[in-house]
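Taking it in order: structure first as structure tokens, then the write-up.
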Amino acid sequence: MRLVRYTLARIVFYVTASLFASFFTLPLLWLAFAPFNEKAALSVTVPDSPSLANFGQVFKNTFAVRALFQNSAIQALGAMLIVTLFATLAAYALSRANIRGKDLISYGLVLFSSVVTGTAAMVPIFLLIFRLGLINTHLGVILVFSGGLLPAAIFIMRDFVDSIPRSYEESALVAGASPWRIFMDIAVPIVRPGMMVVAVWAFVNVWGGFLIPFILLRSPEKMPAAVAIYSFYTEAGTPIITLTAAYSLLYTIPVLILYLFVNWRYGFRFFGGIKS
Amino acid sequence: MQQRRSLLSIPASLLFLLPAGVFVFIFIILPFFWIAAVSFTNRTLTGRTAVDPEYVGLANYLRLFDPDRFLRSGEFGASLVITGQFVFFSAIVGQVLLGLLLAWFFFNRKGWVRETVQTLAILAWIMPDVVVAFAWFAFLDRDAGTLNQILSTLGIGKPDWLINLPLVSVIIFNTWRGTAFSMLLFTSAFGSIPPSHLETAAVAGANTWQRLRDIILPLIRTHIITDLILITLWTFNTFTPFLLTGGGPAFQTELVSIFTYRTAFKFFRFGQGSAVGMIMMLINLVFAIFYLFLLRRQQVKL
Amino acid sequence: MASVTFEGVSKHFGSVKAVHDVSFSISDGEFVCLLGPSGCGKTTTLRLIAGLEQATSGRIDIGDREVTYLNPKDRDIGMVFQDYALYPHMTIADNITYPLKVRGLGAAARRKRAEEVATSLQIANLLDRRPGQISGGQQQRTSVARAVVHKPQVFLFDEPLSNLDAKLRLEARSFLKHLQQELGVTAIYVTHDQAEAMALADRIAVMEGGRVVQMGPPLEVYRQPATTFVANFLGSPPMNLLRVRLELTKQQAMLVGETFRLQLPQISERLKGVVSEGEALIAGLRPEHLHMANDSDSWSIAGEVYAIEPLGPEALVTLKVGDSLVTARIFGDEPPKANVGEKAYLLFEPERLHLFKASGERIP
Ligand SMILES: Nc1ncnc2c1ncn2[C@@H]1O[C@H](COP(=O)(O)OP(=O)(O)OP(=O)(O)O)[C@@H](O)[C@H]1O
Ligand SMILES: [Mg+2]
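In order, the protein sequences belong to chains A, B and C. At position 217 of the first sequence (counting the first as 1) the number is 217 in this note's numbering, and the numbers step up by one without a gap. Take any residue in the second sequence, note its place counting from 1, add 276, and you have its number in this note's numbering. Take any residue in the third sequence, note its place counting from 1, add 578, and you have its number in this note's numbering.
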């Protein structure tokens, strides 16, 4: 009797788990097969002879290659650097200085940054970048992304900085180190995991972002992959599925690699922010 | 009250804060007030009103709320209704409930099944917007799409999802896309429950459902509130469905974010677009304040 | 090498008076222990010397310099933290020589000095490991090494032994004493362990509620505690304190307790004019100054046996005297044989009797 119940429970577990798994997998199946199928259409078919021909075609398209390996990379790396560096500096100050109401400041900022979102503030952000003369520049995209990501990044970083025992810095203080020196010698090496997490998070956000470059960039030479992917169209205006599929996969790979890296190194979990 | 000697003097800390502060001021605080200012003008991208916009008072807002057309298809009111349905079904019912279900289902279980399902959910969450949009485009295609191939095998039929059921499609899409966040949040919430609480309940004879209702849910109430509000905020502001449907057909999936975009960047009526953005921000602000208020009442340490 | 002087120093955190109106003077080369219960302000006092806290009022001098408002780096001190504060990302050598690096010393010179110091602290073989890869005792030595590496004028220790297990602690204690004497440096050492303070200090400063209540050589503090608080804090087991009343006649003084009357002929002189007839007092008896007696004589206390705890070279005998418990340390190979509840007598040495006013102050 117990054995029967146990078996039944196992069966229910596996069936339910497969239902969950299919829900998340089925929409992605196409992406797993189509890039390797020279005759890919919208249906999911296992290619008779898998080939890399689609990728070869993609690499012939200089515009698309530049979008991916140059424009997307510049924009994502640029914003990643700014966000990581400035968030670390700010989080350190918010953690270590006696600023009145600093908790309110950092929490308020996160909330305010989710009020002033890219979608709601499209117009002023466009006008701002327009005024600054940065329409159609990488810098404009980088700055806008950085501004939006910084509050949350500071919030995540604060958690890491707060966990440094104060005695580390106090002993450095007694040893005679200046604040900048303590920051560089003691704080930065210890919060390096936090900086990695923030960097990856910022990179993935910018890498995958669509709306901001879509609004701020004009010329094809500056478009990141998120926008350039819409260029694989025939003269008649229908998408060339084979190329789009291969390009999508190429475009996703850095995200996958970073996910695997973070998962392996720190375990994919919540950092900073949310805890009871 | 812990007042410790600061490890960083005030002037030094201001220097540390300066770079981030400049960014936050320019890209978050300034736009908030700028958008308010623009929303009272008839500013456009080109033409005379681009250089020299006129103050038009509440005209932009009055137009949005003009009762004659408010709820007409493609107008602001209709867009708000669509957004409301979208948020309710894809955020609250979809992501939060499914996330809770997943976390509960795998609670106290380890092994490859859990790892696999969680990884798949996370993948859906972290992939670039345009890639998942293309994948779903293929998935939902009427004739060749994976979904309809399965459905027709089961003899259910072949609806044209993006044409006949666009809002349903977008809701399922958004649920699929964002569930990972709630799942991770609830998983970590469950993990923070001391096992002794559950063992005590088990010893007392509570069944699974009673344990969930009486022990677990009360303990993770703050997490649930946090999740609900964040997810609602994000879903309310998302632009991604645009990549799947472009807001159509016939404005049936035109969320307010897409409405803003169309007003401001299709017709380049910045004044009008700002008024919509302003209302979005006010709604966001209400959510944010509500959230703070609830957390405060829960006396949760931030 | 330098002296350390406090003049009316206070440190208040909001309404908490962590250190209040403290004055003392520590001379060059002296080893002083700050002793007291949790929260009495020991750490705060130490951090005031280090410059990690700024005094609310008063004046602090190191050597012949006023340092009250100086930054830690300008005070020329070395400090060992309770958690050692070793930097996990640096090797032991880098940890030890960090103060030298900050002072701009070159890598080769630093390595040389690291080897020197590490050798004298017997951790020379660990120089290339990281703090996570060495034991607690070794971490403690590393943090001492870092405090001495730049030859500071004053050493500060904040409970440096409290994270070690009992056996290591004794070893490290002797080692610290040895090191301090060898280097001859002024040292200020915070602890709440009275045995540690007794063993290490040239002088002990006992703190209570943010004030220094008594400061003196260990034996003096032990033998002539200024208050019942000090009397109770030093010694293990602590001094027995009994409520008594004084009956003074022309010829003699009588101490009247709940169950006993003791005649104090010799010491009556010292009480005259200080206490008045019938005044309530507190009598203090150190456990080691009590002996077993067979029957009631004029200097003995009667009670019921409450517990007998043999400890090896001695036994603790506790009697229930009225409502109080009185403990005696009885030396000898054989613990006394008595059953719980039996009547027994403890004899005391009248010249070792401590008397305190009801307020806790010592009567000289
Ligand atoms: N930064 C601070 N802010 C507020 N109060 C403080 C602060 N530091 C210490 N105090 C208070 O000052 C008093 C003395 O603290 P201190 O740390 O000096 O005690 P201590 O004698 O070292 O105790 P322990 O043996 O527990 O370490 C305590 O009541 C403590 O709560
Ligand atoms: Mg302390």
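Beta carbons: idealized from backbone N, C-alpha and C, even for Gly.
K386 of chain B: CB within 6 Å of a non-hydrogen atom of ligand 1: As a position in the second sequence, residue 386 of chain B is number 110, starting the count at 1. With a cut-off of 6 Å, the C-beta of K386 of chain B is classified as distant from ligand 1, since no heavy atom of the ligand falls inside that distance.
Residues of the segment 207-222 of chain A whose Cβ lies closer than 8 Å to any Cβ of chain B, in chain order: Cβ contacts with chain B: W207, G208, G209, F210, L211, I215.
Members of the segment 667-697 of chain C near chain A, C-beta cut-off 7 Å: H667, Y676, P677, V680, R681
Extent of the continuous beta strand (DSSP E) to which V357 of chain B belongs: Taking the first residue of the second sequence as position 1, residue 357 of chain B is located at position 81. V357 of chain B -> not in any beta strand (DSSP E); alpha helix (DSSP H) instead, spanning 352-362.
Residue interval of the alpha helix (DSSP H) (run including K679 of chain C): As a first step, residue 679 of chain C is located in the third sequence; it is residue number 101 there, counting from the start. Looking at the DSSP string, the run of the alpha helix (DSSP H) that includes K679 of chain C is 676-680.
Burial state of K620 of chain C, where buried means 16 or more other Cβ atoms lie within 10 Å: Against the third sequence, residue 620 of chain C aligns to sequence position 42. Flag for K620 of chain C reads buried.
Neighbour-count burial assignment, S167 of chain A, 16 or more Cβ in a 10 Å radius: Position 167 of the first sequence, counting from 1, holds the residue named residue 167 of chain A. Flag for S167 of chain A reads buried.
Distance CB(A723 of chain C)-CB(V680 of chain C) smaller than 7 Å: Mapped onto the third sequence, residue 723 of chain C falls at position 145. Mapped onto the third sequence, residue 680 of chain C falls at position 102. No, these two residues do not count as a Cβ contact at 7 Å.
Classification of Y290 of chain A by the beta-carbon crowding that lies within 10 angstroms, buried from 16 upward: This structure leaves residue 290 of chain A out entirely; chain A is present only between 1 and 276.
Between the CA atoms of P738 of chain C and L897 of chain C - distance to the nearest angstrom: Within the third sequence, residue 897 of chain C is the residue found at index 319, counting from 1. Within the third sequence, residue 738 of chain C is the residue found at index 160, counting from 1. Looking at the backbone, the Cα of L897 of chain C and that of P738 of chain C are separated by about 37 Å.
Straight-line Cα distance separating F535 of chain B from G549 of chain B: As a first step, residue 549 of chain B is located in the second sequence; it is residue number 273 there, counting from the start. As a first step, residue 535 of chain B is located in the second sequence; it is residue number 259 there, counting from the start. One C-alpha to the other measures close to 8 Å.
Terminal residues of the beta strand (DSSP E) in which Y923 of chain C lies: If you number the third sequence from 1, residue 923 of chain C lands on position 345. It spans 921-926 - the beta strand (DSSP E) in which Y923 of chain C sits, taken as one unbroken run.
Proximity test, Cβ basis, 7 Å: L284 of chain B and chain A: The sequence position of residue 284 of chain B within the second sequence is 8, counting from 1. Yes, L284 of chain B lies at the interface with chain A (some Cβ there is under 7 Å from its Cβ).
T769 of chain C Cβ short of 6 Å to ligand 4 heavy atom set: Within the structure as shown, ligand 4 is missing, the only ligands being ligand 1 and ligand 2.
Cutoff 7 Å: A723 of chain C Cβ touching any chain A Cβ: The count along the third sequence starts at 1 and reaches residue 723 of chain C at position 145. No, its Cβ sits nowhere closer than 7 Å to a Cβ of chain A.
Within chain A, partners of P494 of chain B - CB distance below 8 Å: Numbered from 1 along the second sequence, position 218 holds the residue referred to as residue 494 of chain B. Result: empty, since nearest Cβ-Cβ is about 12 Å, beyond 8 Å.
Secondary structure of D599 of chain C, DSSP reduced to three states: Along the third sequence, read from residue 1 onward, the residue named residue 599 of chain C stands at position 21. Here D599 of chain C sits in strand by DSSP.
DSSP-derived helix/strand/coil call for N71 of chain A: Residue mapping note: residue 71 of chain A aligns to position 71 of the first sequence, counting from 1. N71 of chain A: helix per DSSP, three-state reduction.
Cβ contact (3+ pairs, closer than 8 Å) linking the segment 743-751 of chain C and the segment 583-600 of chain C: no
Closer than 8 Å at the beta carbon, the chain B residues around W264 of chain A: Translated into positions along the first sequence, residue 264 of chain A becomes position 264. By Cβ distance, chain B contributes nothing, its closest Cβ being about 12 Å from W264 of chain A, past 8 Å.
Any C-beta of chain A under 7 Å from that of M254 of chain B: Examination of residue 254 of chain B is not possible in this model, given that chain B is present from 277 through 578 alone.
Euclidean distance between Cα positions of Q772 of chain C and L734 of chain C: Along the third sequence, one-based indexing puts residue 772 of chain C at 194. Along the third sequence, one-based indexing puts residue 734 of chain C at 156. Computed Cα separation, rounded: 18 Å.
beta-carbon T621 of chain C near ligand 2 non-hydrogen atom, thresh 6 Å: To locate residue 621 of chain C, count along the third sequence from 1; it is residue 43. Because some heavy atom of ligand 2 lies under 6 Å away, the Cβ of T621 of chain C counts as near it: yes.
Cβ-based burial, M277 of chain B [other Cβ within 10 Å; buried from 16]: The residue labelled residue 277 of chain B in the question sits at position 1 within the second sequence. Note that M277 of chain B scores a pLDDT of 33, beneath 50, so its modelled location is shaky; the value from the coordinates is reported in the next line. Answer is exposed; the Cβ neighbour count stays below 16.
Cβ-based neighbour list, G919 of chain C, same chain, cut-off 6 Å, excluding 5 preceding and 5 following: Translated into the one-based positions of the third sequence, residue 919 of chain C becomes position 341. Answer for G919 of chain C: E882, listed in chain order.
Where S752 of chain C falls: helix, strand or coil (DSSP): Your numbering for residue 752 of chain C matches position 174 in the third sequence. Looking at S752 of chain C - three-state DSSP - the assignment turns out to be helix.
Residues that R789 of chain C bridges to, as DSSP identifies them: Numbered from 1 along the third sequence, position 211 holds the residue referred to as residue 789 of chain C. BP columns for R789 of chain C point to C:E786.
Whole-Å CB distance - V587 of chain C paired with G636 of chain C, under 8 Å assumed: For the purposes of this step, residue 587 of chain C is taken as the residue at position 9 of the third sequence. For the purposes of this step, residue 636 of chain C is taken as the residue at position 58 of the third sequence. With 8 Å as the limit, V587 of chain C and G636 of chain C qualify as a contact, their Cβ atoms being about 3 Å apart.
Cα-Cα separation, G641 of chain C to H728 of chain C: Within the third sequence, numbered from 1, the residue matching residue 641 of chain C stands at position 63. Within the third sequence, numbered from 1, the residue matching residue 728 of chain C stands at position 150. Our two residues, G641 of chain C and H728 of chain C, have alpha carbons roughly 17 Å apart in a direct line.
Test item: CB-CB of E857 of chain C and L824 of chain C under 7 Å: Working through the third sequence from its first residue, we reach residue 857 of chain C at position 279. Working through the third sequence from its first residue, we reach residue 824 of chain C at position 246. A contact, by the Cβ cut-off of 7 Å.
Reference A540 of chain B, options A:A76, A:V4, A:A121, closest by Cα: Reading the second sequence from its first residue, position 264 is the one you call residue 540 of chain B. The shortest Cα separation from A540 of chain B among A:A76, A:V4, A:A121 belongs to A:A121.
C-beta atoms of I186 of chain A and A91 of chain A nearer than 7 Å: Position 186 of the first sequence, counted from the start, is the residue given in the question as residue 186 of chain A. Position 91 of the first sequence, counted from the start, is the residue given in the question as residue 91 of chain A. No.
Which of helix, strand or coil DSSP assigns to P220 of chain A: For the purposes of this step, residue 220 of chain A is identified with residue 220 of the first sequence, where counting begins at 1. In this structure, P220 of chain A counts as helix in the three-state DSSP scheme.
Status (buried if at least 16 other CB within 10 Å, exposed otherwise) for K745 of chain C: As a first step, residue 745 of chain C is located in the third sequence; it is residue number 167 there, counting from the start. Exposed.
Spatial neighbours of A456 of chain B in its chain, beta-carbon cut-off 6 Å, leaving aside the 5 residues before and after: Position 180 of the second sequence holds residue 456 of chain B. Excluding residues within five positions, the ones whose Cβ falls inside 6 Å are A397, I398, W401.
Minimum Cβ-Cβ distance from P650 of chain C to chain A less than 7 Å: Here the question's residue 650 of chain C lines up with position 72 in the third sequence. By this cut-off, P650 of chain C is an interface position.
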